[in-house]
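*Asks:* Numbering (UniProt numbering), first residue to last: 1 to 181.
We treat Cβ as the ideally placed atom computed from N, Cα and C, and that holds for glycine.
Please see the structure below; I have some questions.
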Amino acid sequence: MFNIILVLLGIIFLIYSTFLCNGLNFKKTLDREIFRKPCLVIKILVYLFVFGYITFLMYLIRDINSQSPNELLVSVIFFFGAVFVVIVLKINNQLLSSLVEKSVNLQKLNEDLKIRNQDLIQKSKALIISEKKYKDQTNELEKTLDDFYTMRLGMEKQMKEGTLEEENKKIKDRIDTLNKE
1 MFNIILVLLG IIFLIYSTFL CNGLNFKKTL DREIFRKPCL VIKILVYLFV
51 FGYITFLMYL IRDINSQSPN ELLVSVIFFF GAVFVVIVLK INNQLLSSLV
101 EKSVNLQKLN EDLKIRNQDL IQKSKALIIS EKKYKDQTNE LEKTLDDFYT
151 MRLGMEKQMK EGTLEEENKK IKDRIDTLNK E
């Protein structure tokens, strides 16, 4: 009787594992086709195991009064095999869900980086344009300063000559003013 209970529990665990396969609930942003074939293979294998468990259960029910140690060993192996399948599928689901979540996060980060990269490219272009304008203005100012310096030298020459004449005129005017008084 204990053998039958173990095998029945094993069948229940295996049927639960098929729901775990169906329950690969991924976000809609990812392609479910990637997971469809491996999940189908796992389901087919689980159904084959369920068929084997049911066949062994029928054998146990038919010979309900015989309890050999081999039957107990097979029942225990079947039970823990089913537990193993459930544990592996739960871990698999958690890992896949984590990978899908991280993939979605990476896609969001990638989009954010693309936007920031475009912003940096635009700012870099603006800096290049500003640098060119700055260089052009600097060249223009240097040219203007050179022209101003040259003009200043010429003016200085003219001023020296003009200043002497002006000073002479002022002195003459002063002398004339003094003479009138």
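For Asn168, which residues of its own chain have a beta-carbon under 8 Å away from its beta-carbon, when the five flanking residues on both sides are left out?
*Replies:* There are no such residues.
*Asks:* With respect to the alpha helix (DSSP H) encompassing Asp68, which residues constitute its N-terminal and C-terminal limits?
*Replies:* According to the sequence displayed, residue 68 carries Ser and not Asp. No alpha helix (DSSP H) holds Ser68; DSSP gives it neither H nor E.
*Asks:* Can you tell me whether DSSP reads Met1 as helix, strand or coil?
*Replies:* Residue state, collapsed to three classes: coil.
*Asks:* Tell me whether Asn3 is buried or exposed, calling it buried when 16 or more other Cβ atoms sit within 10 Å of its Cβ.
*Replies:* Classification for Asn3: buried.
*Asks:* Cutting at 6 Å between CB atoms, please list the residues of its own chain near Gly10, excluding the five before and the five after it.
*Replies:* Taken in chain order, the residues that qualify are Tyr53, Phe78, Phe79, Ala82.
*Asks:* Do Val7 and Leu40 have their CB atoms nearer than 8 Å?
*Replies:* Their beta carbons are not under 8 Å apart, which means Val7 does not touch Leu40 by this criterion.
*Asks:* Do Phe13 and Val86 count as a contact pair if the criterion is CB distance below 8 Å?
*Replies:* Going by C-beta atoms, Val86 is nearer than 8 Å to Phe13.
*Asks:* So, under 8 Å CB-CB, Cys21 and Lys43 are touching, yes? Tell me the CB distance rounded to an integer number of Å.
*Replies:* At roughly 5 Å, the Cβ-Cβ gap stays under 8 Å, so Cys21 and Lys43 are in contact.
*Asks:* Taking buried to mean at least 16 other C-beta atoms within 10 Å of its own C-beta, is Leu141 buried or exposed?
*Replies:* Under this definition Leu141 is an exposed residue.
*Asks:* For Ser130, is the classification buried or exposed, using 16 other Cβ atoms within 10 angstroms of its Cβ as the cut-off for buried?
*Replies:* Burial call: exposed.
*Asks:* Could you say which of Pro69, Met1, Phe148, Ile15 lies nearest to Phe51 if we only look at CA atoms?
*Replies:* Closest option to Phe51, Cα to Cα, is Ile15.
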